[in-house]
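J.: Residues in the sequence shown are numbered consecutively from 115, following the working numbering.
Below is a structure I'd like to ask you about.
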Amino acid sequence: SWGETFERLALTKARVVAGDPDTGQRFMQLIEPFVYRKYLDFAAIDEIRDIKRRIDAQVEKSVGLERHVKLGRGGIREIEFFVQALQVLYGGEQQSIRTHSTLDALERLERAGIIDCDVGGQLRNAYIFLRNLEHKLQIVHQLQTHEIPKDPLELEKCARRMHMSLDEFQVALERHRSAVHRTFHDLFAAKPVMDEGIPGSVHRFVNEQMDQEAAQQWLLSLDFKDPKQSLHNLELLRDAPAFSHSLVRMKNLLSNVLTIFFESTAGLIRPDTVLNRFERIVRTVGAREALYTSLLENPTSIYRLSRLLALSEYLSEIIFEWPEAIDFLIDESRFEQRSRNPFRTKERKLQEFYVGTQYFFGVLSRRHASRLLSRFAEQELRKSISSDTPVAIFAAGKFGEREMSFRSDLDVMAFYEGEYDASAEIVEGVLTQLAPQFKLDLRLRPEGTKGPLAWNPQRYREYLYDRGETWERMALTKARFVAGNPALGLAIQQLINHFIYDPPFGQEHIAEMNAIRARMEHELGKETADAWDLKVGFGGLADIEFMVEYRQIQENVRIPNTVAAMKALRMNLQEEYEFLRDAESMLRLWSMLTSTRFDRKDTEALSQMLHLRDFLGEYRRITEAVRTRFNRFNRHRL
Numbered sequence: 115s116w117g118e119t120f121e122r123l124a125l126t127k128a129r130v131v132a133g134d135p136d137t138g139q140r141f142m143q144l145i146e147p148f149v150y151r152k153y154l155d156f157a158a159i160d161e162i163r164d165i166k167r168r169i170d171a172q173v174e175k176s177v178g179l180e181r182h183v184k185l186g187r188g189g190i191r192e193i194e195f196f197v198q199a200l201q202v203l204y205g206g207e208q209q210s211i212r213t214h215s216t217l218d219a220l221e222r223l224e225r226a227g228i229i230d231c232d233v234g235g236q237l238r239n240a241y242i243f244l245r246n247l248e249h250k251l252q253i254v255h256q257l258q259t260h261e262i263p264k265d266p267l268e269l270e271k272c273a274r275r276m277h278m279s280l281d282e283f284q285v286a287l288e289r290h291r292s293a294v295h296r297t298f299h300d301l302f303a304a305k306p307v308m309d310e311g312i313p314g315s316v317h318r319f320v321n322e323q324m325d326q327e328a329a330q331q332w333l334l335s336l337d338f339k340d341p342k343q344s345l346h347n348l349e350l351l352r353d354a355p356a357f358s359h360s361l362v363r364m365k366n367l368l369s370n371v372l373t374i375f376f377e378s379t380a381g382l383i384r385p386d387t388v389l390n391r392f393e394r395i396v397r398t399v400g401a402r403e404a405l406y407t408s409l410l411e412n413p414t415s416i417y418r419l420s421r422l423l424a425l426s427e428y429l430s431e432i433i434f435e436w437p438e439a440i441d442f443l444i445d446e447s448r449f450e451q452r453s454r455n456p457f458r459t460k461e462r463k464l465q466e467f468y469v470g471t472q473y474f475f476g477v478l479s480r481r482h483a484s485r486l487l488s489r490f491a492e493q494e495l496r497k498s499i500s501s502d503t504p505v506a507i508f509a510a511g512k513f514g515e516r517e518m519s520f521r522s523d524l525d526v527m528a529f530y531e532g533e534y535d536a537s538a539e540i541v542e543g544v545l546t547q548l549a550p551q552f553k554l555d556l557r558l559r560p561e562g563t564k565g566p567l568a569w570n571p572q573r574y575r576e577y578l579y580d581r582g583e584t585w586e587r588m589a590l591t592k593a594r595f596v597a598g599n600p601a602l603g604l605a606i607q608q609l610i611n612h613f614i615y616d617p618p619f620g621q622e623h624i625a626e627m628n629a630i631r632a633r634m635e636h637e638l639g640k641e642t643a644d645a646w647d648l649k650v651g652f653g654g655l656a657d658i659e660f661m662v663e664y665r666q667i668q669e670n671v672r673i674p675n676t677v678a679a680m681k682a683l684r685m686n687l688q689e690e691y692e693f694l695r696d697a698e699s700m701l702r703l704w705s706m707l708t709s710t711r712f713d714r715k716d717t718e719a720l721s722q723m724l725h726l727r728d729f730l731g732e733y734r735r736i737t738e739a740v741r742t743r744f745n746r747f748n749r750h751r752l
């Protein structure tokens, strides 16, 4: 965070010469990412130019730029700066140009095609000439001097030591220095890399060389819809206190970040929103220099961050609340990790951020992400209740399937042995302990919200066989024991299985199932020409789940997971199911809502999130296919 550009230049010459070689090698590995960045740090040229300007001012005050063979015009330092600048600029990608020797570096830069042979030859000849002159001056005076003599007699002696006449020496010296200074000037003064496109515009804006009208026109050209507000956000980024020992360095870091940032927003929806959220993150994190440096160490992370800020309000809000979450996007090794439980956090929001970003960017499949979310919830639930308690907790719904999505409630049922009051107190304790992170939904229990929190086996048996309905048989196919007393859990599971699968479904249940499904579609789906429901709408998830649950009960397939049951039943609906579940999961990331409803304004975002050209067209194709299959399924059973 505190290393400066002049230190990067100096460390291009570092090598191990003595002491412990292992320690030396570790040091070389340590400085490598600091010296050789993974991105093209064109803005560092400004810092090098500034360093040279300060050197020139000091030399002019002392001996004059024309008499200093090292630091003066066209001197040794200009050759070294030229070579080192190209090394730090391109050495991150082209390791072949990394070397501590200036002459060797010139040859390598030629071979890499970064400089042409004429320039390389001129600089090589000039470097040898100037270093030879430097040595002769120091040998004569036995001092570390770099001054060309002012006295004519001493100057003539200097020429003879170079094996030249005075006229030959002065002509050669001027020829070499002019060639060096011209080459140095071409790189550091003309600034060709900053003249066009996004880098040049960013550079002018950051250095306050662009007025507000020009800046707004520039933003409009980049497809920003609200250039006034976006310019305000850019000004907040540019004009914020640097808290840095180097304002030049901070500006150059910001220039590099914004250059990649604007490139990354091309083609994304809502670039104004992306910029607004990015400014908020930078303001929240606070340590701007460290953040910019970290982002630039892994430029891919800027592309990730831009896409996430454009397409996920939920994940963006987590970064605002937990700024450290951004480290996960930057750290490539953590981001790509796919271990069984890689995240090790007690905070549900952070867990959902880790899983959500990996799912969002395709590191995890939707099913893998759902399993991780479900496993985390299950672990937290088990921490809240011991196995020797008289209470058993059952998971239901998507929690029971191990198919939880982001911000899902925990669908649970509680059972007890012994005294109700004591058991109810235990269940209340579980609810209280999990309340900060999870909402427990107990509506699947008998009598719903009007019934007691927990049921004993006898009363539950009576309820199921006296009042249990067809929809409950279907819903309970996802029920499984997750926490509490395992013996009680086994007894309840046997009771549930007996209720579900004995007797199996027959033709008489089809009409009832269809009536339930139709009521869901019309009363809950409420679809229009511009609004749809992924779950209960036409051809939605409920169509698939009803078909699978019906066949599970009909054929005694006791698997509390829709996908696994489909495979066991050889029902070819996995593609349609995964499409709808993917859309549901992305919809939960897109906004802060947890509804399965979406409207026309959401479809462009869903297209980008799911990498589809036309999400709505694909959605219509899928739901038509599902509804056709649902209707055919019903006809065959009537």
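Glycine included, C-beta positions come from ideal geometry on N, C-alpha and C.
All figures in this text were calculated on a predicted structure; none of them were measured in a lab.
(1) What is the residue span of the beta strand (DSSP E) that Y530 lies within?
(2) Specify the secondary structure class of V371 as computed by DSSP and reduced to three states.
(3) Taking the beta strand (DSSP E) that W585 falls in, what are its first and last residues?
(4) Would you report the Cα separation of E466 and I432, rounded to the nearest angstrom?
(5) Would you kindly work out how many angstroms separate the C-alpha atoms of L464 and E435, rounded to a whole number?
(6) Taking I159 as the reference, which of H277, F141, L123, E322 has the closest Cα?
(7) Can you check which of these residues, F513, Y534, D535, is closest to V526 by C-alpha distance?
(8) Along the beta strand (DSSP E) that carries A354, what are the first and last residues, could you check?
(9) Using three-state DSSP, classify G598 as helix, strand or coil.
(10) Using only CA atoms, which one of N412, S420, L423 lies nearest to R448?
(11) Count the other CB atoms, across all protein chains shown, that sit within 10 Å of the CB of I444; report buried if there are 16 or more and exposed otherwise.
(12) Looking only at its own chain, which residues have a Cβ that is under 7 Å from the Cβ of E635, when we skip the five neighbours before and after it?
(13) Have a look at V183, L367, Y241, V316 and flag the residue whose alpha-carbon is nearest the alpha-carbon of Q252.
(14) For V316, list the residues DSSP reports as bridge partners.
(15) Rank G311, E282, L179, D281 by C-alpha distance to the C-alpha of L336 and give the top, closest one.
(16) Can you tell which of D657, Q607, A605 has the C-alpha that lies nearest to the C-alpha of N628?
(17) Quick check on the burial criterion: 16 or more other C-beta atoms within 10 angstroms. Buried or exposed for G381?
(18) Could you name the residues of the same chain whose beta carbon sits closer than 6 Å to that of E732, not counting the 5 residues immediately before and after it, in chain order?
(19) Tell me where the beta strand (DSSP E) around V505 begins and ends.
(20) Touch check for the segment 535–545 and the segment 494–510: three-plus C-beta pairs under 8 Å?
(21) If you run the structure through DSSP and keep just helix, strand and coil, what is A645?
(22) In chain order, what are the residue ranges of uninterrupted alpha helix (DSSP H) at least 4 long that sit wholly in the segment 427–487?
(23) Thinking just about the alpha-carbon of each residue, which of P560, F552, G511, V505 is nearest to the one in Y762?
(24) Using the Cα positions of V130 and G138, report the straight-line distance between them to the nearest angstrom.
(25) Excluding the 5 residues flanking A483 on each side, which residues of the same chain have their C-beta closer than 6 Å to its C-beta?
(26) Between Y428 and R702, how many whole angstroms is the CB-CB distance? I'm expecting something under 8 Å.
(27) Determine the DSSP secondary structure at H182, reduced to helix, strand or coil.
(28) Looking at the structure shown, is D502 part of a helix, part of a strand, or coil, going by DSSP?
(29) I'd like to confirm the pairing. Which residues does DSSP put opposite A568 in its beta bridges?
(30) Would N366 pass as a contact of E121 if the rule is Cβ separation under 9 Å?
(31) Let me make sure I understand the geometry here. Which of V399, S420, S344 has the alpha-carbon closest to that of F375?
(32) For K305, which three-state DSSP category applies?
(33) Tell me which residues share the same chain as V233 and place their Cβ nearer than 7 Å to its Cβ, disregarding the 5 neighbours each side in the sequence.
(34) When DSSP labels each residue in this structure, what does R559 get in the three-state scheme?
(35) Given that a residue counts as buried once 16 or more other Cβ atoms are within 10 Å of its Cβ, and exposed if not, what is H750?
(36) Just to confirm the assignment, what range does the beta strand (DSSP E) spanning F338 have?
T.: Once the coordinates are examined:
(1) Boundaries of the beta strand (DSSP E) harbouring Y530: 524–530, taken from the DSSP string.
(2) Helix at V371.
(3) Segment 584–589 is the alpha helix (DSSP H) holding W585; no beta strand (DSSP E) there.
(4) Near 9 Å, if we compare the C-alpha coordinates of I432 and E466.
(5) Cα-Cα distance, rounded: 10 Å.
(6) Of the listed residues, the one whose Cα sits closest to I159 is L123.
(7) For V526, the nearest C-alpha among the options comes from F513.
(8) According to the DSSP assignment, A354 belongs to no beta strand (DSSP E), since it is labelled neither H nor E.
(9) G598: strand per DSSP, three-state reduction.
(10) Restricting attention to N412, S420, L423, the CA atom closest to the CA of R448 is found in N412.
(11) In the assembly as shown, I444 is a buried residue. Its beta-carbon has 16 or more other beta-carbons within 10 Å.
(12) Counting only residues of its own chain and dropping the five nearest sequence neighbours on each side, E635 has a CB closer than 7 Å to the CB of V650, G651, F652.
(13) Looking at V183, L367, Y241, V316, the one whose alpha-carbon comes closest to that of Q252 is V183.
(14) Residue pairing by DSSP leaves V316 without any beta bridge partner.
(15) Across the set G311, E282, L179, D281, the C-alpha of G311 shows the shortest separation from the C-alpha of L336.
(16) In this structure, D657 is the residue among D657, Q607, A605 with its C-alpha nearest to the C-alpha of N628.
(17) Its Cβ having fewer than 16 others within 10 Å, G381 is exposed.
(18) Taken in chain order, the residues that qualify are L726.
(19) For V505, the enclosing beta strand (DSSP E) begins and ends at 505–509.
(20) Contact between the segment 535–545 and the segment 494–510 is present, because at least three Cβ pairs lie under 8 Å.
(21) The three-state secondary structure of A645, taken from DSSP, is strand.
(22) Counting only runs of 4 or more, we get 427–435, 440–444, 446–449, 462–474.
(23) There is simply no residue 762 to check, as the chain begins at 115 and stops at 752 in what is shown.
(24) For V130 and G138, the gap between their C-alpha atoms comes out near 6 Å.
(25) So the qualifying residues of the chain are V469, Y473.
(26) With 8 Å as the limit, Y428 and R702 qualify as a contact, their Cβ atoms being about 7 Å apart.
(27) In the displayed model, H182 falls within a strand according to three-state DSSP.
(28) Residue state, collapsed to three classes: coil.
(29) A528.
(30) Going by beta carbons, N366 and E121 fall outside the 9 Å limit.
(31) Relative to the Cα of F375, the nearest Cα in the group V399, S420, S344 belongs to S420.
(32) Note that K305 has pLDDT 47, beneath the 50 cutoff, so the model's placement of it is unreliable and the number below is only indicative. K305 falls in the coil class under three-state DSSP.
(33) Counting only Cβ-Cβ distances below 7 Å, and skipping sequence neighbours, we find T297.
(34) Looking at R559 - three-state DSSP - the assignment turns out to be coil, as it is neither helix nor strand.
(35) The residue is exposed, with fewer than 16 neighbouring Cβ atoms inside 10 Å.
(36) Here F338 belongs to no beta strand (DSSP E), and DSSP marks it neither H nor E.
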